[in-house]
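**Student:** Pasting a structure here, questions to come.
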Amino acid sequence: MPSREPLPEEGTMSLATPYPTQLELHAPPRIARWRPLAQWFLAIPHLLISYALGALREVLTFIAFFTVLFTRRIPRPLFDAIAMTFRYEWRVASYALFLREDYPPFDFRTTATDDGADSHTLVTFTYPGNVSRWQPLVKWLLAFPHYIVLFALGIAATAVVIAGFFAVLITGAYPQALRGFLVGVYRYNLRVQAYVGLLTDAYPPFSLQAE
Numbered sequence: 001m002p003s004r005e006p007l008p009e010e011g012t013m014s015l016a017t018p019y020p021t022q023l024e025l026h027a028p029p030r031i032a033r034w035r036p037l038a039q040w041f042l043a044i045p046h047l048l049i050s051y052a053l054g055a056l057r058e059v060l061t062f063i064a065f066f067t068v069l070f071t072r073r074i075p076r077p078l079f080d081a082i083a084m085t086f087r088y089e090w091r092v093a094s095y096a097l098f099l100r101e102d103y104p105p106f107d108f109r110t111t112a113t114d115d116g117a118d119s120h121t122l123v124t125f126t127y128p129g130n131v132s133r134w135q136p137l138v139k140w141l142l143a144f145p146h147y148i149v150l151f152a153l154g155i156a157a158t159a160v161v162i163a164g165f166f167a168v169l170i171t172g173a174y175p176q177a178l179r180g181f182l183v184g185v186y187r188y189n190l191r192v193q194a195y196v197g198l199l200t201d202a203y204p205p206f207s208l209q210a211e
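When you line the sequence shown up against the numbering used here, it's residues 1 to 211, in that order.
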């Protein structure tokens with residue numbers, strides 16, 4: 001009998017489609033002991049810009065709400081601009097929280113895919129094309145369980161930042177487990193914001209891990 005080609009399900013399983021919002025940190029764990037005392041101050045120019053970009057994002061999301069209601073799409077330039085604000089915010093936060101040493105760039109390129117201007121961070125979004133017309137009306141409610149989780153994670157993250165502060169002061173290195181937890185919390189938060197902010201219809205997983 002001639003050999004039969006294996007069906008797809010008989011072969012190796014294909015990798016699951018990754019979640020359309022990705023966030024990573026790639027930085028050495030060694031941190032100079034003085035940085036927890038000063039990096040928040042050095043980050044002030046970036047923090048001011050990040051605050052302004054956050055306000056801009058609110059306006060852009062308000063516009064996106066109506067484009068989705070009427071056209072089921074977010075115009076690509078609008079989507080890319082919102083993505084840029086989240087990317088800038090993560091670069092600044094990772095520096096201000098002394099998770100890395102290199103000063104983040106003043107980079108404002110509007111692109112959904114990470115432009116690589118900062119080699120230590122990655123924030124990328126998958127453009128969804130057509131999205132649900134009705135979900136913008138209820139996403140805030142559907143995400144309510146995530147808000148509860150984020151509240152608890154926020155309390156834990158505050159304790160971890162304090163522990164990381166003293167760990168760096170004493171050892172000159174950020175413990176990998178603590179840093180990984182903070183990156184996971186920020187990743188989780190970004191997924192929820194992307195969902196509620198109409199950037200994706202994919203319901204965020206209850207996970208801190210990269211998906």
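The beta carbon of each residue, even a glycine, is placed where N, CA and C say it ideally should be.
Could you pull the start and end residues of the alpha helix (DSSP H) that residue 85 belongs to?
**Tutor:** Counting along the chain, the alpha helix (DSSP H) containing residue 85 begins and ends at 76 to 96.
**Student:** Got a sec? Which residues, its chain only, sit under 7 Å from residue 72 by beta carbon, not counting five neighbours each side?
**Tutor:** So the list reads 130, 131, 133, once near-sequence residues are dropped.
**Student:** Just to confirm, are residue 85 and residue 200 a CB contact at a threshold of 8 Å?
**Tutor:** Not closer than 8 Å, so no.
**Student:** In the DSSP output, which residue or residues are listed as bridge partners for residue 30?
**Tutor:** In the DSSP output, where bridge partners are listed per residue, residue 30 has 173.
**Student:** Which term fits residue 41, buried or exposed, when burial requires 16 or more other beta carbons within 10 angstroms of its beta carbon?
**Tutor:** It counts as exposed.
**Student:** Is the separation between the beta-carbon of residue 92 and that of residue 47 shorter than 8 Å?
**Tutor:** Yes.
**Student:** Closer than 8 Å, CB to CB, is residue 182 near chain B or not?
**Tutor:** Absent from the structure is chain B; it holds one protein chain and no more.
**Student:** Between residue 139 and the rest of its own chain, which residues show a CB-CB distance below 8 Å, the 5 nearest in sequence each way excluded?
**Tutor:** Answer for residue 139: 195, 196, 198, listed in chain order.
**Student:** Mind checking who residue 130 pairs with in its DSSP beta bridge?
**Tutor:** The partner list for residue 130 (beta bridge, DSSP) reads 73.
**Student:** Can you name the residues that DSSP bridges to residue 166?
**Tutor:** Looking at the DSSP assignment, residue 166 forms no beta bridge with any residue, so it has no partner.
**Student:** Which whole-angstrom value is the C-beta distance of residue 39 and residue 98, which I expect to be below 8 Å?
**Tutor:** At roughly 5 Å, the Cβ-Cβ gap stays under 8 Å, so residue 39 and residue 98 are in contact.
**Student:** Please determine if the stretch 22 to 31 and the stretch 156 to 175 are in contact, where contact requires at least 3 C-beta pairs separated by less than 8 Å.
**Tutor:** Short answer: they touch.
**Student:** Which of the three DSSP states, helix, strand or coil, is assigned to residue 22?
**Tutor:** Strand at residue 22.
**Student:** Would you decide whether residue 125 is buried or exposed? Buried here means 16 or more other CB atoms lie within 10 Å of its CB.
**Tutor:** So residue 125 counts as buried.
**Student:** Starting from the C-beta of residue 81, find all residues in its chain whose C-beta is less than 7 Å away, skip the five residues before and the five after it, and write them out in chain order.
**Tutor:** The answer, listed in chain order, is 60, 110.
**Student:** Can you tell me where the alpha helix (DSSP H) holding residue 208 begins and where it ends?
**Tutor:** No alpha helix (DSSP H) holds residue 208; DSSP gives it neither H nor E.
**Student:** To which residues of the same chain is residue 143 closer than 7 Å at the C-beta, ignoring the five residues directly before and after it?
**Tutor:** The residues are 192, 195, 196.
**Student:** Quick check on DSSP: helix, strand or coil for residue 108?
**Tutor:** Three-state DSSP puts residue 108 in coil, outside helix and strand.
**Student:** Which residue's Cα is closest to the Cα of residue 188: 65, 75, 123?
**Tutor:** For the residues 65, 75, 123, the minimum Cα distance to residue 188 belongs to 123.
**Student:** Roughly how many whole angstroms lie between the Cα atoms of residue 165 and residue 36?
**Tutor:** Going from the Cα of residue 165 to the Cα of residue 36 covers about 6 Å.
**Student:** Run through the DSSP bridge pairs and tell me what residue 121 is partnered with.
**Tutor:** Per DSSP, 25.
**Student:** Here's a check: name, in chain order, each residue in its chain whose Cβ is nearer than 8 Å to the Cβ of residue 117, leaving out the five neighbours to either side.
**Tutor:** Closer than 8 Å at Cβ, skipping near neighbours: 105, 107, 109.
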